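Residue numbers (the working numbering), protein chains in the order written: chain A, 3 to 274; chain B, 0 to 158. Ideal placement from N, C-alpha and C gives every residue a C-beta, glycine not left out. Quick caveat, the model's predicted, so the values are computed rather than measured. Below is one structure, written out as structure tokens; comments come after it.
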Amino acid sequence: MTVTVKTFATSGEAAAALSSDRSARYLGGGTLVMRALNEGDISVSTVVRATDQALARIEVTNLRVTIGAGVTFARILAERDLGFLHAPARSIGGPAVRNMGTVGGNLFAPSPYGDFTVALLALDATISMQGGLGTRDVPIEEFLQSRDRQNGALVLAISCQRPASAEAFRYRKVARIKPKGGSVITLAAHLPVSSGRISGARIALGSMAATQIRARAAERALEGRSLDTSAISAAAAAIAEGASPTDNALASAWYRREIAGVHLRRLLSGQE
Amino acid sequence: MPKTALQFHHNGREVALFVDGGVNLLVALREIIGDMTPKFGCGQGGCGACSVLIDGELHLSCLTLAETVAGRAVETLDGLKNGPNLHPLQRAFMEHFAAQCGYCTPGMLMAAKALLDRNPTPSRAEVVEAISGNICRCTGYEPIINAVLAAAAGGRARA
Chain A
3 MTVTVKTFAT
13 SGEAAAALSS
23 DRSARYLGGG
33 TLVMRALNEG
43 DISVSTVVRA
53 TDQALARIEV
63 TNLRVTIGAG
73 VTFARILAER
83 DLGFLHAPAR
93 SIGGPAVRNM
103 GTVGGNLFAP
113 SPYGDFTVAL
123 LALDATISMQ
133 GGLGTRDVPI
143 EEFLQSRDRQ
153 NGALVLAISC
163 QRPASAEAFR
173 YRKVARIKPK
183 GGSVITLAAH
193 LPVSSGRISG
203 ARIALGSMAA
213 TQIRARAAER
223 ALEGRSLDTS
233 AISAAAAAIA
243 EGASPTDNAL
253 ASAWYRREIA
263 GVHLRRLLSG
273 QE
Chain B
0 MPKTALQFHH
10 NGREVALFVD
20 GGVNLLVALR
30 EIIGDMTPKF
40 GCGQGGCGAC
50 SVLIDGELHL
60 SCLTLAETVA
70 GRAVETLDGL
80 KNGPNLHPLQ
90 RAFMEHFAAQ
100 CGYCTPGMLM
110 AAKALLDRNP
120 TPSRAEVVEA
130 ISGNICRCTG
140 YEPIINAVLA
150 AAAGGRARA
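This is the structure we're talking about:
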């Protein structure tokens, strides 16, 4: 099967091409779209690319980072200022996949993939998108809820806050094969502390629903408390509330529910 | 459907070819150029058998749109040996019995080369990490890891 490949110099032209053609898919690193083509996905008849260097830009300020959608995981790992994102970047694929896969593409990776997006969800990221009507900034939760309908728009960049300290942001991917394996579950927790108490807790889970989700009950269990044994136990007991995991080759839905609290407890108490 | 003209450097030699829209680099290398060293394993990015270096970086050729390598340097296993002389990594693989069926070997060698080009004296953990995207179903990995470490220790890996 042959497809039409359209390459543009600017992201604006690429976004226009995407919004005007329902069967067009944007090609970033290739780990999703080329895979679909290799499997004979006939819904893709046009592939749109942009060589715009703006998509590969990383901007770091004191409080926030902005990462171009075309930035690869290998680039993230090479940036000292993005140290808090190294654990999620390193948890994806092997070296070749990290040299190819992009932050923007990861937003579209179906479960059980999309581990980096779990970290971005915990960090309350904002997605900058360009559609037929211009650019707009969308909160990541809103983006994920309508992900299947985002085909006509192009993700330009993702921005998120920088955690105040290394302890404030924690990430864990549970896989059966190390160092590389698909996610059984993925957890990320952003727990800002003010005067010794957690304020604005965000916990995100991967492989616990059709898209990455927040564990709001566990967040509530931690809010306003210090990170002690009883708070951690309460959060662990509530972690799977509202989750809807499914069975796949890596684990059953039952198993995912059973272990989510165990791994949250280990993550929050700093155990390996 | 019109074909797209494509030029790139294949193991140091400039090649020019025409590709159909959407063709991946692995198909271009094997079916158009005739370089059979990169293998088709899964077509999904899960096995690493198709690994090649693009401008020195490890990539999966089955997930690379062929036309994106225009003007770039693509290295495959075919470019590793020097005439009749095996590359030190190839020799180490032979000496350490690191290949059985051989299907994963081209990808393993390219992943190992990507590592040693960047880090000539890797630790065992770094070797394990470097080949973590490459699946071998015969040897159980240990002889492969030992071969890469031996090639590195020999200090000949850059040759």
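For residue i and residue j, what's the separation of their Cα atoms in angstroms?
i: Asn84/B; j: Ile179/A; result: 36 angstroms
i: Ala156/B; j: Ala124/B; result: Low confidence applies here, because Ala156/B scores a pLDDT of 46, under 50, leaving its location unreliable and the question unanswered by this model.
i: Val157/A; j: Arg51/A; result: 12 angstroms
i: Gly139/B; j: Ala151/B; result: 20 angstroms
i: Ala26/A; j: Ile129/A; result: 20 angstroms
i: Ala111/B; j: Ser167/A; result: 36 angstroms
i: Val68/B; j: Leu25/B; result: 12 angstroms
i: Val5/A; j: Leu39/A; result: 9 angstroms
i: Ala158/B; j: Ile142/A; result: Reliability of the predicted coordinates at Ala158/B is poor, the pLDDT of 41 falling under 50, and no value is obtained from them.
i: Val264/A; j: Arg258/A; result: 10 angstroms
i: Asp83/A; j: Asn64/A; result: 10 angstroms
i: Gly82/B; j: Arg90/B; result: 14 angstroms
i: Asn10/B; j: Val73/B; result: 6 angstroms
i: Ser161/A; j: Leu266/A; result: 25 angstroms
i: Pro165/A; j: Ser209/A; result: 24 angstroms
i: Met93/B; j: Cys135/B; result: 16 angstroms
i: Cys49/B; j: Gly40/B; result: 7 angstroms
i: Gln214/A; j: Gly116/A; result: 8 angstroms
i: Pro142/B; j: Ala65/B; result: 33 angstroms
i: Phe118/A; j: Thr104/A; result: 10 angstroms
i: Gly70/B; j: Arg37/A; result: 24 angstroms
Pull the bridge partners of residue i from the DSSP assignment, please.
i: Glu13/B; result: His8/B
i: Pro141/A; result: Thr128/A
i: Arg27/A; result: Val49/A
i: Thr6/A; result: Thr48/A
i: Val73/B; result: His9/B and Ile53/B
i: Ile215/A; result: Leu207/A
i: Val67/A; result: Val62/A and Cys162/A
i: Leu59/B; result: Ser50/B
Which residues in chain B sit within 9 angstroms of residue i, going by Cβ to Cβ distance?
i: Ala155/A; result: Per Cβ cutoff of 9 angstroms: no residues; Ala155/A is ~21 angstroms from chain B at best.
i: Val49/A; result: Gly20, Gly21 and Leu64
i: Leu29/A; result: Leu64 and Thr67
i: Thr12/A; result: The premise fails here: Thr12/A is roughly 17 angstroms from chain B at the closest Cβ pair, so nothing lies under 9 angstroms.
Look up residue i in the DSSP assignment and say whether it is helix, strand or coil.
i: Pro83/B; result: coil
i: Gln257/A; result: The question names Gln, yet the displayed sequence has Tyr at residue 257/A. Three-state result, Tyr257/A: helix.
i: Thr67/B; result: helix
i: Asp54/B; result: coil
i: Pro90/A; result: helix
i: Ala177/A; result: strand
i: Ile78/A; result: helix
i: Leu193/A; result: coil
i: Lys2/B; result: coil
i: Asn23/B; result: strand
i: Cys162/A; result: strand
i: Ser2/A; result: It is not possible to answer for residue 2/A, since the shown part of chain A is limited to 3 through 274.
i: Gly133/A; result: strand
i: Thr104/B; result: helix
i: Thr104/A; result: strand
i: Val18/B; result: strand
i: Val73/A; result: coil
If we count the other Cβ atoms within 10 Å of its Cβ and call it buried at 16 or more, is residue i buried or exposed?
i: Ile44/A; result: exposed
i: Gly226/A; result: exposed
i: Val186/A; result: buried
i: Phe96/B; result: exposed
i: Ser13/A; result: buried
i: Met35/B; result: exposed
i: Cys170/B; result: No statement about residue 170/B is possible, as the shown extent of chain B runs from 0 to 158 and does not include it.
i: Ala212/A; result: exposed
i: Thr231/A; result: exposed
i: Lys38/B; result: buried
i: Ala113/B; result: buried
i: Arg100/A; result: buried
i: Lys2/B; result: exposed
i: Gly134/A; result: exposed
What residues of chain A sit near residue i, judged by a beta carbon separation below 9 angstroms?
i: His86/B; result: Simply none; closest approach about 19 angstroms.
i: Gly139/B; result: By Cβ distance, chain A contributes nothing, its closest Cβ being about 14 angstroms from Gly139/B, past 9 angstroms.
Give the residues of chain A in contact with residue i, contact being defined as C-beta atoms less than 8 angstroms apart.
i: Ala110/B; result: Gly96, Pro97 and Ala98
i: Ala98/B; result: Going along chain A, no residue has its Cβ under 8 angstroms from Ala98/B, so there is no contact; the nearest lies around 19 angstroms.
Could you tell me which chain B residues have their CB closer than 8 angstroms to the CB of residue i, listed as they occur along the chain?
i: Pro181/A; result: Val127, Glu128 and Ser131
i: Asn40/A; result: Asn23, Gly42, Gln43, Cys61 and Leu62
i: Arg37/A; result: Gly42, Gln43, Gly44 and Leu62
i: Val7/A; result: Thr3, Gly20, Gly21, Leu64 and Glu66
Just the chain B side, please: which residues come within less than 7 angstroms of residue i by C-beta, in chain order?
i: Met318/A; result: Since the first residue shown for chain A is 3 and the last is 274, residue 318/A is missing from the structure and cannot be characterised.
i: Thr33/A; result: Gly44 and Leu62
Please list, in chain order, the chain A residues whose beta carbon lies closer than 7 angstroms to that of residue i.
i: Gly47/B; result: Gly96 and Ala98
i: Leu50/B; result: The question names Leu, but residue 50/B in the sequence shown is Ser. By Cβ distance, chain A contributes Ala98.
Can we count residue i as close to the ligand PLP, meaning its CB is less than 6 angstroms from some heavy atom?
i: Thr63/A; result: Looking for the ligand PLP in the displayed structure turns up nothing, as the structure carries no ligands at all.
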